[in-house]
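Residue numbers for the sequence shown follow this note's numbering, so the first one is 908 and each next one is one higher.
Glycine included, each C-beta is placed from N, C-alpha and C at the ideal position.
Heads up, the thing below is written out as structure tokens.
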Amino acid sequence: MRASMVRVNVASIVTVAVVATGCASTGGVPAPFPRPADHSGPTSTATARTAPPPVGDASGYALTNTALSLRGTPYRNGGADPSGFDCSGFVYYVFAQHGLAVPRTVLELSRAGRPITQDQLKPGDLLFFSTVSAGPSHVAIAIGGDEFVHAPSSIGQVRVERMSGSYWASRFVGARRVM
908 MRASMVRVNV
918 ASIVTVAVVA
928 TGCASTGGVP
938 APFPRPADHS
948 GPTSTATART
958 APPPVGDASG
968 YALTNTALSL
978 RGTPYRNGGA
988 DPSGFDCSGF
998 VYYVFAQHGL
1008 AVPRTVLELS
1018 RAGRPITQDQ
1028 LKPGDLLFFS
1038 TVSAGPSHVA
1048 IAIGGDEFVH
1058 APSSIGQVRV
1068 ERMSGSYWAS
1078 RFVGARRVM
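Below, the structure written as structure tokens:
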């Protein structure tokens, strides 16, 4: 009796730990998310040569259509295919469907491309949220307006949400353009 109680308690603790870490990046606490630089000065020409091209409306919308077609797909920690996704696996898979190679982890994605402000968002841009630790630990794809699509561990499926929702607004740490 006592041994079975210990097994149940250990299994419960492991389950809670896996669910709680959901889409967290691994490693130490990441540095604060970089803010977009002001490129209004003479350095903007040099920056433009090294920055990736901006998201074109057509490619951004095609990418978001792919992402939206996956709504309802279950959350799976470490998942990167339609049998189940974690947040970064979802981004990785969607971009790959359009021949675009992006990093696989939240931390690596948060360093890819170039930072943009919230008012510069276009469909296909990446949004980062701090859900379990300081700095980015969750990633989503902007679909337009106030909405994004992502694979959150809570409620367990790919879905659309609003950035203005109190949970997401308070956890938003930055956005990046990777296309």
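Query, Result
"To test your reading of the DSSP string, which unbroken beta strand (DSSP E) runs of 3 or more residues are found completely within the stretch 1002-1042?", "1021-1023 and 1033-1036"
"Express the C-alpha separation of residue 1029 and residue 1091 in angstroms, rounding to a whole number.", "Any question about residue 1091 goes unanswered here, given that the chain covers just 908 to 1086."
"Could you please give me the residues that DSSP links to residue 1055 through a beta bridge?", "1049 and 1068"
"What is the rounded straight-line gap between the Cα of residue 1020 and the Cα of residue 1063?", "28 Å"
"Would you mind reading off the limits of the alpha helix (DSSP H) that contains residue 1074?", "1073-1076"
"Give me the Cα-Cα distance between residue 1083 and residue 1006, rounded to the nearest whole angstrom.", "19 Å"
"So what does residue 991 bridge to, in DSSP terms?", "988"
"Should residue 1024 be labelled buried (16 or more other beta-carbon atoms within 10 Å of its own) or exposed?", "exposed"
"So, does the stretch 1048-1057 touch the stretch 1008-1016, judging by three or more C-beta pairs under 8 Å?", "no"
"Quick check: the Cα distance between residue 977 and residue 1002, rounded to an integer number of angstroms?", "13 Å"
"Under a three-way DSSP split, which group does residue 1080 fall into?", "strand"
"Using a 10 Å radius around the Cβ and a threshold of 16 neighbouring Cβ atoms, would you call residue 993 buried or exposed?", "buried"
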